[in-house]
Amino acid sequence: MIGKQIQNYQVTAHLGQGGMGTVYRATDIILGREVALKMLHTPMMSQPQVLERFKKEAQVLARLLHPNIAVIYNLIEQDQQHFMVMEYVEGKDLEVLLRQHRVLPAMAVAAAFIQALEGLHHAHRKGIFHRDIKPSNLILTPDGTVKLMDFGIAKVAGEQRLTQVNRVIGTVEFLAPELIEGKDPSAASDVYAVGMTMYELLCGRLPFEHQTDFNLMQEILKKKPVSPDKLNASVPPVMAAIIMKSLEKKPENRFADARAFQSALAAAFPAAREADITWLFANAVVPLPVADNTAMTGTRELPKPSPGLRPAYLLRMLNLPARLGLTGMLRGSMLVPGLKRRIAGLDRRTVLIGLAMFAIVVTTVSLVLSRDKPLPEPGPVAEFITDKPSPVGENNTPVSLRPQTSDSSSGAPVMIGSVEDKPETTPVDDKKQDVKPETRKASGKEAPKEDEPKPVPAPAPDKPVEQTIVPVVEELKPRSSGSMVLGAKMEVSLYLRDALSENSQTGQALSFSVTSPVVYQGQVIIEKGSIATGRIKNVGNKKITVVLQNVGGLNGQRLPLQEIELSGRTNEMISNRSYSGYIKKGTVVSY
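Set out below in structure tokens:
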């Protein structure tokens, strides 16, 4: 086909193929534009039902004209072959991007699906339901536009079925429960598929995965999905709540339509509408933060697959049945978080040697730290403690989207002051004092007095109060301290503590609190409740622009945030306080 001319279209390249047809890139020699030619496989043309479906897809696309949907130009026939002439969309689909990054940040997912839901809402208004929304059917273009693709099995409301009654159509993993039960597709079933797609992008896996279609369908019908923030600690709670609402078993409990879904995302991530997500084209692999082990399922552990490629994707790429027994077995190796992911491919002898070396290092460090020598200056410790107020503002997320918590947000700005306003002798929080430093225990010496900051009848130490604060550095985590270089850009979920208003001024300083801990390679590098700073860059008649500056890490470290302009309409910026910042790849962080 390469080089062949189909009417006024010169075929220039092969783009791909599916079960029904092949897609080529071609040039319109009259209009001088690039197009995509979708051609039915020759054996398919002898099947009237398949040919009818092909024509129906063209008719459906002809009713849709939207920047977030790939449009159709023409339907032509030549030499008894049928071709659909479509918009050529340059870019990468979200499944490819997920393979590259392993997981996508919440802000990037929000930005992508605010666009995708705009296109889906347009289709729903035309009475068209997609029925096959999944990562591979969404393409991100180089200019940052998200396009909804492949309406091949779309259903027009009120139209007679072309398929057998009660036959399940679509990709099983993304099917809403009511579709499995044989009910008609609706806006609610597309909302479910969008939520499932977002879940996979955020967690690197689906909530329901099984070897057989039957068992997979049973889980979709009966089992409640694990909240995505349990599988990926960097997923903000508000994002997790939005996704869980979209995955409700009963359609009436989900978002009313695509527009309501979109509004919830925009409210939770006000900067997402104008966020630049073209950085996803970079080939960096984002490490998956350590999550709650009990949230994962599966018991089998097999050799580690190639980095960046998940076994389920390999099966999809090869167009093999995804439930022949291989998928579940292979995916089991991906269900072991943390250290097991790294040592899965190592032999027993190598692992034992590594563990022995690690034990020697820990013992040596413990002995050194336990010696009687002057303690370090307490200044940085006091700064670190005062930079760690209780989390505030988390409860200001919309009540309908936020899981119930016992935290109170009233009066929070008064409780938290800047580091400079507090003396270095600020008492340590009780929770910090409860943790024992491992290094002290290893040396056989008694741990520092936990209740010295409290007025209890115990012998007072000879040293000033400042000396009792110093061990807190070791007590924060029962791990040895150190530093590391970030191998990937890390997202930081933030809540604005300083209310914006129409009277806000350019250059005004802002403070944020971290709403979720940031984890890299199993180590917390930024704790929940840490303080970030920023400023208002510009205040216009209809728009406010905010720039983030830095965030408090461990041991008093201030980590620079990537300077991204976060802007939006004035009313949106005033009413919403959730933001996302990014720590650049290559940043040195201490722990």
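Numbering (my numbering), first residue to last: 1 to 591. Every residue gets a Cβ at the ideal spot worked out from N, C-alpha and C, and that includes glycine.
Item                                                                                                                       : Value
Simplified DSSP assignment, three categories, for Thr595                                                                   : With the chain represented from 1 up to 591, any question about residue 595 goes unanswered, as that position is not in the structure.
Whole-number beta carbon distance between Ser516 and Ala237, since they are thought to touch under 8 Å                     : The identity of residue 237 in the sequence shown is Pro, whereas the question assumes Ala. Yes, they are in contact, since the Cβ atoms of Pro237 and Ser516 sit about 7 Å apart, within 8 Å.
Reduced DSSP category for Met149 - H, G, I as helix; E, B as strand; rest coil                                             : coil
Nearest-angstrom beta carbon gap, Gln115 and Val89 [assumed within contact, 8 Å]                                           : Going by Cβ atoms, the distance from Val89 to Gln115 rounds to 13 Å, so no, they are not a contact pair.
Cut-off 6 Å between Cβ atoms - residues of its own chain near Lys537, not counting five sequence neighbours on either side : Thr545 and Val547
Inter-residue CB distance, Tyr24 and Leu15 (contact presumed, cutoff 8 Å)                                                  : 6 Å
N- and C-terminal bounds of the beta strand (DSSP E) containing Ala36                                                      : Arg33 to Leu40
C-alpha distance - Val524 paired with Gln81, whole-angstrom precision                                                      : 59 Å
Buried or exposed (CB count within 10 angstroms, at least 16 for buried), Ile360                                           : exposed
Run of the beta strand (DSSP E) containing Thr141, from where it starts to where it stops                                  : It is not in any beta strand (DSSP E) - Thr141 carries neither H nor E in the DSSP assignment.
Endpoints, alpha helix (DSSP H) assigned at Ala188                                                                         : Ala187 to Cys203
Reduced DSSP secondary structure (H/G/I, E/B, other) of Phe208                                                             : coil
Nearest candidate by alpha-carbon position, reference Ile583, set Leu554, Ala488 and Asn576                                : Ala488
Alpha-carbon spacing of Glu209 relative to Pro251, whole angstroms                                                         : 22 Å
Simplified DSSP assignment, three categories, for His14                                                                    : strand
Within 9 Å, strictly: CB atoms of Leu554 and Val589                                                                        : yes
Status (buried if at least 16 other CB within 10 Å, exposed otherwise) for Arg577                                          : buried
Enclosing alpha helix (DSSP H) for Leu120 [first to last residue]                                                          : Ala106 to Arg125
Cβ pair count under 8 Å reaching 3, the stretch 562 to 576 against the stretch 222 to 235                                  : no
Alpha carbon of Phe83 to alpha carbon of Leu104, nearest angstrom                                                          : 35 Å
Rounded distance between the beta-carbons of Ile76 and Ile6, thought under 8 Å                                             : 7 Å
Lys224, enclosing alpha helix (DSSP H) - first and last residue                                                            : Counting along the chain, Lys224 falls outside any alpha helix (DSSP H), and DSSP gives it neither H nor E.
Rounded distance between the beta-carbons of Val191 and Ser246, thought under 8 Å                                          : 5 Å
Alpha-carbon to alpha-carbon, Val492 and Val514                                                                            : 7 Å
Straight-line gap, Ile2 to Ile29 (C-alpha atoms, nearest Å)                                                                : 15 Å
From Ser186, Asn215 and Met196, residue whose alpha carbon lies closest to that of Phe129                                  : Ser186
Beta-carbon separation (whole angstroms), Arg259 vs Ala266, contact threshold 8 Å                                          : Contact flag wrong, Cβ pair sits at about 10 Å.
Glu200 burial status per 10 Å Cβ neighbour count (16 or more: buried)                                                      : buried
For Asn550, the first and last residue of its enclosing alpha helix (DSSP H)                                               : Unbroken run through Asn550 is the beta strand (DSSP E), Lys543 to Gly552; no alpha helix (DSSP H).
Under 9 Å between C-beta atoms of Val551 and Phe512                                                                        : yes
Asp276 burial status per 10 Å Cβ neighbour count (16 or more: buried)                                                      : exposed
Distance cut-off 8 Å: Ala499 Cβ against heavy atoms of the ligand NAD                                                      : Ligands displayed in this structure: none; no statement on the ligand NAD is therefore possible.
Closer than 9 Å to chain D by CB, Ile243                                                                                   : You won't find chain D in this structure, because it holds only one protein chain.
7 Å CB neighbourhood of Arg535 in its chain, flanking five on each side removed                                            : Gly507, Gln508, Ala509, Leu510, Val547 and Gln549
Residue closest to Met149, alpha-carbon to alpha-carbon, out of Tyr591, Val11, Glu57 and Thr278                            : Glu57
Opening and closing residue of the beta strand (DSSP E) in which Leu494 lies                                               : Met490 to Leu496
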